[in-house]
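Colleague: Sharing a structure here in structure tokens format.
Protein chains: 2
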Amino acid sequence: MNEVHVGTYCSVAATAELVATKWTPVIVHDLSEGPRRFTQLERACPGISPRTLSERLDMLEDQGIVLRRSYPESPPRVEYELTDKGRALLPIIREMRKFGHAWLIPEPVPSA
Amino acid sequence: MNEVHVGTYCSVAATAELVATKWTPVIVHDLSEGPRRFTQLERACPGISPRTLSERLDMLEDQGIVLRRSYPESPPRVEYELTDKGRALLPIIREMRKFGHAWLIPEPVPSA
Chain A
12 MNEVHVGTYC SVAATAELVA TKWTPVIVHD LSEGPRRFTQ LERACPGISP
62 RTLSERLDML EDQGIVLRRS YPESPPRVEY ELTDKGRALL PIIREMRKFG
112 HAWLIPEPVP SA
Chain B
12 MNEVHVGTYC SVAATAELVA TKWTPVIVHD LSEGPRRFTQ LERACPGISP
62 RTLSERLDML EDQGIVLRRS YPESPPRVEY ELTDKGRALL PIIREMRKFG
112 HAWLIPEPVP SA
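Rendered as structure tokens:
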């Protein structure tokens, strides 16, 4: 295996680990539509517990994917948004969605 | 969460599970260059054991991603190749590689 192969291996494997963490693609996809508050993200993640969502958001902040902004209002407002690195994940998620619909799960028909 | 969101969630999550399985992206990437024999795939996966590679290839065959062709020669020749479904994973892997090089691991300089 030459160095280019090693590089491909490592960069794909590292990214795979990142996008396959449960909830990460859903949170990133939801934030692609704009900044979100905690309760909005909770609604986007079916069945997630507040504790898990909070841990996941901390992790995404540590990974430089999500930015947490708090506004000194009363009551204080906290919003989450994607960083440039977070937005760079979107093409992967789009391709994953396309593959999933084409090969794994049929596209749902939106209810009228 | 509306049905379109549920669909996005499920298709992305199902695909994430698939591409994040250790070695799957590397094997699919290697097979994108053409049919491969077992020993060639072994070289493409640094540190994989023959047993793990064999299990992974069985799994990829069950998932409809890899096709195993055996040629009645002496000694018998077995080759693995991508199915259409397997090839449909390539845009995801390409985007993962791009992201990895840009944000996680720098692109290696090929040795002269």
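If you read the protein sequences in the order shown, they are chains A and B. Quick note on the working numbering: the first sequence kicks off at 12 and runs consecutively. Quick note on the working numbering: the second sequence kicks off at 12 and runs consecutively. Note that the Cβ used here is the ideal one computed from N, Cα and C, for glycine as well. Note that the structure is predicted; figures quoted are calculated from it, not measured.
Quick check: what's the CA-CA separation for A:R47 versus A:E90?
Modeller: Here the question's residue 47 of chain A lines up with position 36 in the first sequence. Here the question's residue 90 of chain A lines up with position 79 in the first sequence. Approximately 5 Å between the Cα atoms of the pair.
Colleague: So with CB distances below 7 Å, who are the chain A contacts of B:R48?
Modeller: Position 37 of the second sequence, counting from 1, holds the residue named residue 48 of chain B. Per Cβ cutoff of 7 Å: no residues; B:R48 is ~15 Å from chain A at best.
Colleague: Would the stretch 78-95 of chain B count as touching the stretch 82-100 of chain A if we require 3 or more Cβ pairs under 8 Å?
Modeller: The stretch 78-95 of chain B is not in contact with the stretch 82-100 of chain A.
Colleague: Strictly by DSSP, which residues pair up with B:R47?
Modeller: Counted from its first residue, the second sequence places residue 47 of chain B at position 36. The partner list for B:R47 (beta bridge, DSSP) reads B:Y91.
Colleague: Can you tell me whether A:S22 is buried or exposed, with buried defined as 16 or more other CB within 10 angstroms of its CB?
Modeller: The residue given as residue 22 of chain A occupies position 11 in the first sequence. Counting Cβ neighbours within 10 Å, A:S22 comes out buried, since at least 16 surround it.
Colleague: What residues in its chain sit with their C-beta under 7 Å from that of B:P87, if we drop five residues either side in the sequence?
Modeller: Here residue 87 of chain B is taken as the residue at index 76 of the second sequence, counted from 1. Excluding positions up to five away in sequence, the list reads S81.
Colleague: Between B:D95 and B:Q74, what straight-line distance do the alpha-carbon atoms span, to the nearest angstrom?
Modeller: In the second sequence, residue 95 of chain B corresponds to position 84, counting from 1. In the second sequence, residue 74 of chain B corresponds to position 63, counting from 1. So the two alpha carbons sit approximately 12 Å from each other.
Colleague: If we call anything under 8 Å between Cβ atoms a contact, is B:E66 one with A:A31?
Modeller: Taking the second sequence and counting its residues from 1, one reaches residue 66 of chain B at position 55. Taking the first sequence and counting its residues from 1, one reaches residue 31 of chain A at position 20. No.
Colleague: Taking the C-alpha atoms as reference points, what is the distance between B:M107 and A:M70?
Modeller: By one-based count along the second sequence, residue 107 of chain B stands at place 96. By one-based count along the first sequence, residue 70 of chain A stands at place 59. So the alpha carbons of these two residues sit roughly 20 Å apart.
Colleague: Assign B:L100 to one of three DSSP states: helix, strand, or coil.
Modeller: The residue labelled residue 100 of chain B in the question sits at position 89 within the second sequence. DSSP places B:L100 in coil when its eight states are reduced to three.
Colleague: Could you tell me whether the Cβ atoms of A:T26 and B:G111 are closer together than 8 Å?
Modeller: The residue given as residue 26 of chain A occupies position 15 in the first sequence. The residue given as residue 111 of chain B occupies position 100 in the second sequence. Their beta carbons are under 8 Å apart, which means A:T26 touches B:G111 by this criterion.
Colleague: Straight-line CA distance for B:Q51 to B:V37?
Modeller: Taking the second sequence and counting its residues from 1, the one referred to as residue 51 of chain B is at position 40. Taking the second sequence and counting its residues from 1, the one referred to as residue 37 of chain B is at position 26. B:Q51 and B:V37: Cα-Cα distance of roughly 12 Å.
Colleague: Taking only the alpha-carbon atoms, compute the straight-line gap between B:L7 and B:I76 and give it to the nearest angstrom.
Modeller: Not covered by the structure: residue 7 of chain B. The range shown for chain B is 12 to 123.
Colleague: Return no unless some Cβ of chain A is closer than 8 Å to the Cβ of B:I116.
Modeller: As a working note, residue 116 of chain B is residue 105 in the second sequence. Answer yes: the Cβ-Cβ gap between B:I116 and chain A drops below 8 Å somewhere.
Colleague: My assumption, with CB atoms under 8 Å, is that B:E72 sits in contact with B:L64. Please give the rounded CB distance.
Modeller: As a first step, residue 72 of chain B must be located in the second sequence, where it is residue number 61. As a first step, residue 64 of chain B must be located in the second sequence, where it is residue number 53. Going by Cβ atoms, the distance from B:E72 to B:L64 rounds to 13 Å, so no, they are not a contact pair.
Colleague: Identify, in the order they occur along the chain, each residue of the same chain with its Cβ nearer than 6 Å to the Cβ of B:C56, setting aside the five sequence neighbours on each side.
Modeller: Sequence index remark: in the second sequence, residue 56 of chain B carries index 45 (1-based). Result list for B:C56: W34, V37, in chain order.
Colleague: Cutting at 8 Å between CB atoms, please list the residues of its own chain near B:W114, excluding the five before and the five after it.
Modeller: Start at 1 with the first residue of the second sequence, and residue 114 of chain B comes out as number 103. Closer than 8 Å at the Cβ level, and outside the excluded window around B:W114, lies no residue.
Colleague: Taking Cβ-Cβ distances shorter than 8 Å, what residues in chain B pair up with A:I103?
Modeller: Here residue 103 of chain A is taken as the residue at index 92 of the first sequence, counted from 1. Within chain B, the residues near A:I103 are I103, E106, M107, F110.
Colleague: Quick one: does the C-beta of A:I103 sit closer than 7 Å to a heavy atom of the ligand ADP?
Modeller: Summarising the ligand content, the structure contains no ligands, and the ligand ADP is consequently not present.
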